[in-house]
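Colleague:
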Amino acid sequence: MGAPDPAPAGGGGLSRRAALKLGMVGVIGAAVGAGSTVAFARMVRRPQPRYRFLSDAEASLLTGICEQLIPRDDVAGAADTGAVDFIDRQLGGAYGRHRQAYRAGLESFRRTCIQAHGAPFQDLPGDGRIGALRSIERGEAPAALWGEPSQRDFFSMVLAHTMQGFYGSPRHGGNRGYASYRMLGLNYPQVLGQNRYPKA
Amino acid sequence: MDPRHVNAVVVGAGAGGGIVAKELSEGGLSVVLLERGDWVSFETHGQDELLNQRTTVLGNAYGPDDRSPRVCETAPGKWAVVMPNEGGYANNAACVGSGTVSYGAMAWRYMEKDFRMRSTYGAPEGSTLEDWPISYADLEPFYEKAEWEIGVSGDMSANPFSPPRRRPYPMPAFAYNREGVMLEAAAKRLGLHPFPIPMLRNSVPRAGRNACIHNRYCCGFACPNNAKNGTQNTAIPAALATGNCELRTNSIASEIVVDDSGRARGVRYFDADGGARYQTSDLVVASGGAIETARLLLNSKSRLFPNGAGNRFDWVGRNLQGHAYSGADGLFEEETFDDVGPGATIAISDFNHGNPGIRGGAALCNEFIRPPYGFSGMRPPGAPSWGKAHKDYQRRYFKRSVSIRGPVQEMPVFDARMQIDPSVRDSWGIPVARLSGSRHPHDIEIGRQMAARAEAWLKEAGAVTTWTNLPGLGLSGGQHQAGTCRMGNDPKISVTDKHGRVHDIDNLFVSDSSLHVTNGGFNPALTIMALGFWVGYHINEAWKGGKLG
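Laid out in structure tokens, this is it:
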């Protein structure tokens, strides 16, 4: 694995990114401007969203998806160890270019479950959830429910990000308690100099 | 105020530029070394699998950042802006030392035939395959300088295909890790000639730096122990120690100023605060890597060279090459993982040349340690990629796999190229590179043969499941990018002469992988370094009485 093959670019480009950045600046500006007791009272009364980008409903659906992609067995799975928190956090940073894909894709996913499988994802039986995911992975869900991103692109994006959350460094929000490293039997963090010297 | 005049400006503090800056400043020239990035260290990102030079899903640990976009052709006539951590960008690190901070540090000499590809094999249709204007023998003393001054551990006594050398390596070779031991026995049973990979790492303490501690995460990461040798801890400090070289970091070169008589006058750049600066000099060396050097030349328009410096015959930016990596993966019953990093220890050079029906080939090496996220993508065709089956596979095989890969020597293609994008500019307002074209189909044929060799080797070593990995036709480049300002004797079909001097601009030089006519079946770092010594030597030879002869 050296020089990676060029892949088609994610589209979008500068203008959308720039617009997103401007949007964020706007929010921060508003918060600073409203630093008053009135705003504080509102904060106390209203339940605050748990996530930075995802709505609670989106986060709940994504949690269900992550539970299937890397399920819990005798050790924790992706959802147990912060994968959704990881993804949400990155959507405010390195995954910024994927925000619209999550927003639109999760909505298409939700509607696919109801229209093609008869119930919200979380209410499907275990087999039903796996079946729903598999149909989207293969691009077999009703085409009318999917635009941009395509169902296959959405699936592979969420799969990659879930893997990154579960197997990446805990400092990014996933892999809580080094769960995946424990599962693989990797000592971590590495202690420099320990068991690393070559045999004479 | 613009800075005082110097003898030489070197643009880019990587493998080529760092060395040429050292050679010139030791030769007594006053040198300004411009680097677009900054000093980096292990402390910043540590061993983060998602944020390093190899896996960039959360960004580029070693630069550049999103201030430096590029444009890629995603389908014929369709262009998309890409960021440095996205596929297709073909990134090289932007920091002091560039890729030599975080590389895997394989220290290959190209073989004699690698310099004579056209006369050995003939060019396939659709390829600009050519011989280098210099031979292996010309470069041999400079390979030796690179091995001794930068620091290589190796032993070629078991490799009968190794090109001749006058002097052994300065440090003993590294021992094989567990994979290496398994593969050595298997290779010998197959009648092959395995040997330890030469590495730009200290196998013993040397030059005031530590010996390697066999860190798990090495390739893609800065070394926590300063045992990996790049220009950032060898040539560049040596250049600075002469008192003749000033390194300016976070400095973005925008243009080489070429006057109406066709001489380079200096370099325009933006300093760390974004201020426009003009550094005048007696000579200029472009060492930004194959894409950025070509970009700088093409962005340097003048009366005599309205299409860019050195671009009279439209060769700048063309023949962009990398390596069409090919190989195979295997799963084993017994544990293969011993956590002795960086993991790549063993190679064979049996298939670099002399293969039936193909031109050249590749060295085959066992891979660097596959970290957990990377391993999640290492699956035989058709294997489930998620769910319970994914998790079971990770658990069962994470410590029971071996990968073999080879950097297939590519056939240069005239239309595999970087150009200047007509509209997109970076944060400094400089027109960016746009990349287009594809690999030559012959690369895939070579890759198929190399992958079959790798798979047979794994099977002999006891793999119970094996599968091959083949390259696609997508444009090459990336960390092994090369070829965009090839050296040659004929100015009509090359950009520089055999000393790296740009045809028609007597005081403008190139010193990086842009010069490579072909890119060898090996990782290119040591060759880039050797060329740095070569170009630096010839500039010093031409520098007489305070000016360039």
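Heads up: the protein sequence lines correspond to chains P and E, in order.
Its first residue numbered 142, the first sequence is counted upward by one per residue in the working numbering.
Its first residue numbered 566, the second sequence is counted upward by one per residue in the working numbering.
The C-beta atom is built at its ideal place from N, Cα and C for all residues, glycine as well.
#1: Just the Cα atoms here: how many angstroms apart are Pro149 (chain P) and Ala954 (chain E)?
#2: Can you list, in chain order, the residues of the segment 227–247 of chain P whose Cβ is nearer than 9 Å to any Cβ on chain E?
#3: Is Tyr890 (chain E) closer than 8 Å to Thr620 (chain E) when the C-beta atoms are compared?
#4: Who are the neighbours of Arg982 (chain E) on chain P, taking C-beta pairs under 8 Å?
#5: Which same chain residues end up closer than 7 Å to Gly592 (chain E) when comparing Cβ atoms and leaving out the 5 residues on each side of it in sequence?
#6: Three Cβ pairs or more, each shorter than 8 Å: is that satisfied between the segment 741–760 of chain E and the segment 864–872 of chain E?
#7: Are there 16 or more other CB atoms within 10 angstroms of the CB of Glu1020 (chain E), so buried, or fewer, so exposed?
#8: Where DSSP assigns a beta bridge to Val835 (chain E), which residues make up the other side?
#9: I'd like to know whether the C-beta of Pro649 (chain E) is nearer than 8 Å to at least one C-beta of chain P.
#10: Going by the beta-carbon positions, is the gap between Asn794 (chain E) and Ile778 (chain E) smaller than 8 Å?
#11: Which whole-angstrom value describes the C-beta separation of Ala874 (chain E) and Ile821 (chain E), a residue pair presumed to lie in contact below a C-beta threshold of 8 Å?
#12: Classify Gln292 (chain P): buried if its beta carbon has 16 or more other beta carbons within 10 angstroms, exposed otherwise.
#13: From Pro1131 (chain E) to Asn809 (chain E), what does the alpha carbon distance come to, in whole angstroms?
#14: So, is Gly176 (chain P) buried or exposed, given that buried needs 16 or more other C-beta atoms within 10 angstroms?
#15: Tell me whether the beta-carbon of Ser1161 (chain E) lies closer than 8 Å to the beta-carbon of Arg982 (chain E).
#16: Please list the residues of the segment 925–943 of chain E that have a C-beta atom closer than 9 Å to any C-beta atom in chain P, keeping them in chain order.
#17: From the beta carbon of Gly882 (chain E), is the nearest beta carbon of chain A less than 8 Å away?
#18: Between Ser950 (chain E) and chain P, is any beta-carbon pair separated by less than 8 Å?
#19: Here's the rule: buried if 16 or more other CB atoms are within 10 angstroms of the residue's CB, otherwise exposed. What is His302 (chain P)?
#20: Where does Gly662 (chain E) land, buried or exposed, given buried means 16+ other C-beta within 10 angstroms?
#21: Sort E:Thr799, E:Leu1038, E:Leu616, E:Arg632 by Cα distance to Ile1009 (chain E) and report the nearest one.
#22: Within 8 Å of any Cβ in chain P, is that where the Cβ of Gln974 (chain E) sits?
#23: Quick test of your reading: Thr609 (chain E) and Ile856 (chain E), contact by CB under 8 Å. State the CB separation rounded to the nearest angstrom.
#24: Can you give me the Cβ contacts of Ala804 (chain E) inside the same chain, cut-off strictly under 6 Å, excluding the 5 residues immediately before and after it?
#25: Give the interface partners of Gly808 (chain E) over in chain P, defined as CB-CB distance under 9 Å, in chain order.
#26: Just checking my contact of Arg924 (chain E) with His1045 (chain E) at CB under 8 Å: how many whole Å lie between their CB atoms?
#27: Rounded to whole angstroms, what's the CA-CA distance from Gly538 (chain E) to Tyr734 (chain E)? Just pull it up for me.
#28: Please go through the segment 212–245 of chain P and give each complete alpha helix (DSSP H) segment of 4 or more residues, from N-terminal end onward.
#29: For a cutoff of 8 Å on Cβ pairs, would you count Asp214 (chain P) as touching chain E?
#30: Relative to the C-alpha of Gly669 (chain E), which residue among E:Gly1111, E:Cys930, E:Ala800 is closest?
#31: Roughly how many whole angstroms lie between the Cα atoms of Phe227 (chain P) and Gly306 (chain P)?
#32: Between P:Arg240, P:Gly269, P:His313, P:Leu327, which has its C-alpha nearest Ile206 (chain P)'s C-alpha?
#33: Exposed or buried, Gly583 (chain E), counting other C-beta atoms within 10 Å across all chains shown (16 or more means buried)?
#34: Mind checking if Met304 (chain P) is an interface residue toward chain E, Cβ cutoff 8 Å exclusive?
#35: Going along the chain, which unbroken runs of the beta strand (DSSP E) with 3 or more residues stay wholly within the segment 614–702 of chain E?
#36: Can you list, in chain order, the residues of its chain with a C-beta nearer than 6 Å to that of Trp697 (chain E)? Leave out the 5 residues immediately preceding and following it.
Modeller: In short:
#1: Here Pro149 (chain P) scores only 36 on pLDDT, less than 50, and its place in the model should not be relied on; the value that follows carries that caveat. Whole-angstrom Cα-Cα distance: 29 Å.
#2: Gln231, Gly234, Ala235, Tyr236, Arg238
#3: no
#4: Neighbours of Arg982 (chain E) on chain P: none; closest Cβ ~13 Å, over 8 Å.
#5: Asn1105, Trp1108
#6: no
#7: buried
#8: Note on identity: in this sequence residue 835 (chain E) is Phe, with Val being the wrong assignment. For Phe835 (chain E), which the question treats as bridged, DSSP gives the partners E:Ile817, E:Ala841.
#9: no
#10: no
#11: 6 Å
#12: buried
#13: Shown here, chain E extends from 566 to 1114; a query on residue 1131 (chain E) therefore has no answer.
#14: Because the pLDDT of Gly176 (chain P) is 43, which lies under 50, any placement of that residue in the model is unreliable, and the number read from its coordinates should be weighed accordingly. Counting Cβ neighbours within 10 Å, Gly176 (chain P) comes out exposed, since fewer than 16 surround it.
#15: Missing from the structure shown is residue 1161 (chain E); chain E here goes from 566 to 1114 and no further.
#16: Glu932, Phe933, Arg935, Pro936, Pro937, Tyr938, Gly939, Phe940, Ser941, Gly942
#17: This model lacks chain A altogether, as its protein chains are P and E.
#18: yes
#19: buried
#20: buried
#21: E:Leu1038
#22: no
#23: The Cβ separation is near 24 Å, so there is no contact.
#24: Ala586, Lys587, Ser590, Cys810
#25: Per Cβ cutoff of 9 Å: no residues; Gly808 (chain E) is ~35 Å from chain P at best.
#26: Actually they are not in contact, since the Cβ atoms of Arg924 (chain E) and His1045 (chain E) sit about 18 Å apart, beyond 8 Å.
#27: The first residue shown for chain E is 566 and the last is 1114, placing residue 538 (chain E) beyond what the model contains.
#28: 224–232
#29: yes
#30: E:Cys930
#31: 6 Å
#32: P:Gly269
#33: buried
#34: yes
#35: 635–640, 643–647
#36: Phe680, Val1082
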